[in-house]
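Below is one structure, written out as C-alpha cells, with a few remarks after it.
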Amino acid sequence: MTESDDTPEVPIVCPDCETTSRVPLSEAGDAVDRHNDRLHDGDEVASVDPEVADAIADMVAEDLDLV
Ligand SMILES: [Zn+2]
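Counting in our numbering, the sequence shown runs from 77 upward without gaps.
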C-alpha cells in the first residue's frame, strides 16, 4: 500500500456508536455534522479525535506560517 495521496485523514470517533472512521481532513467537519445529525438528533456526540485535532491545528498553523 502506498500513501501517494497527501490529503491527511483524521479519525472521527463516536463514543455512543463505538465507531471510528477515517475521513479526509477537508471533509471531517461535514462528516461529524452529518453523523450527529443523522444518529444523534444534532447533539455533538461524535467528534474528531481530540489529540489529532490538536496536532492538526499545530500543523495548519505552521503551514500558514502564523507563528
Ligand atoms: Zn454516533
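Don't be surprised by glycine CBs; every beta carbon is placed ideally from N, CA and C. Since this is a predicted model, take the numbers as computed values, not measurements.
- Boundaries around PRO126 are those of the alpha helix (DSSP H), 126-140, since no beta strand (DSSP E) includes it.
- The alpha-carbon separation between THR83 and ASP117 amounts to approximately 30 Å.
- Cβ atoms of VAL108 and ALA122 come within 8 Å of each other, at about 5 Å.
- A direct Cα-to-Cα measurement between PRO91 and SER102 gives close to 22 Å.
- If you check the C-beta of ASP119 against ligand 1, you find no heavy atom less than 7 Å away.
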